[in-house]
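**Student:** Have a look at this one.
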Amino acid sequence: MKSLVVYYSRTNITKKLAEDIASKINADVEEIKSKTNYKGKIGFIKGGKDAISEKIVDLEELKYNPEEYDIVYLGCPVWASKAANPMISYLKQNEGKFKKVKFFTTAGGDGFESTFKQMEKYSIKPEKTFGLTTKQVKKEEYDLTSFIN
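Under my numbering, residue 157 is the last one in the sequence shown; the count climbs by one each step, no gaps.
If you want it as structure tokens, here you go:
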């Protein structure tokens, strides 16, 4: 099965999880890069505000076409109990191109379920979802077996 892992990561926490998933399933990896700067404290505040309004942002050019994959793993951080805007922008840009998806998110606390529902609204129903706190990812306190199988 041909797999693609697509992620957006502001602080490299989601990136770490995405790379772990990709290595275990031998998948291609696509990092979503926003043309909007969300770095630092100001970026954190801007990200929360943009997430609440579900603002669509411009993205850097993408390398992979999700239509060419049997399954696409989609991951992002939770911002204000919503998906990070670059992920929503990616989903909107690739509407109708997914055969199967699985969602994964990272968060400082919670907001996983609302983020998954929002991602589904812009995509399709996921086969599985997987949410981890920042602490769990940093300490590698997780098992991907049930998520990737």
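Backbone N, C-alpha and C define an ideal beta-carbon position, used for all residues, glycine too.
All values reported here derive from a predicted model rather than from experimental measurement.
Do P74 and N34 have their C-beta atoms within less than 8 angstroms of each other?
**Tutor:** Within the sequence shown, residue 74 is the residue found at index 66, counting from 1. Within the sequence shown, residue 34 is the residue found at index 26, counting from 1. With contacts defined by Cβ atoms closer than 8 angstroms, P74 and N34 do not form a contacting pair.
**Student:** What is the DSSP secondary structure of L99, counted as helix, strand or coil?
**Tutor:** Indexing the sequence shown from 1 puts residue 99 at position 91. Under the three-state reduction of DSSP, L99 is assigned to helix.
**Student:** In its own chain, which residues sit with a C-beta less than 6 angstroms from the C-beta of A91, not counting the 5 before and 5 after it?
**Tutor:** The residue labelled residue 91 in the question sits at position 83 within the sequence shown. Only C84, T123, Q126 and M127 meet the Cβ criterion.
**Student:** Thinking C-beta only, is Y130 closer than 8 angstroms to L140?
**Tutor:** Residue numbering aside, residue 140 sits at position 132 when the sequence shown is read from its first letter. Residue numbering aside, residue 130 sits at position 122 when the sequence shown is read from its first letter. For the pair L140 and Y130, the CB atoms are not nearer than the 8 angstroms cut-off.
**Student:** Can you give the Cα-Cα distance for E135 and G104, rounded to whole angstroms?
**Tutor:** For the purposes of this step, residue 135 is taken as residue 127 along the sequence shown, with counting starting at 1. For the purposes of this step, residue 104 is taken as residue 96 along the sequence shown, with counting starting at 1. Pairing E135 with G104, the inter-Cα distance amounts to about 16 angstroms.
**Student:** From the DSSP output, read off the bridge partner residues of Y81.
**Tutor:** Within the sequence shown, residue 81 is the residue found at index 73, counting from 1. According to DSSP, which records beta bridges pairwise, Y81 is partnered with V13 and K110.
**Student:** Taking just the CA atoms, how far does N93 sit from G48?
**Tutor:** Start at 1 with the first residue of the sequence shown, and residue 48 comes out as number 40. Start at 1 with the first residue of the sequence shown, and residue 93 comes out as number 85. Distance between the alpha carbons of G48 and N93: 16 angstroms.
**Student:** Quick one: Cα of K43 to Cα of I156, how far?
**Tutor:** What you label residue 43 is simply residue 35 of the sequence shown in a count that begins at 1. What you label residue 156 is simply residue 148 of the sequence shown in a count that begins at 1. Between K43 and I156, the C-alpha separation is close to 31 angstroms.
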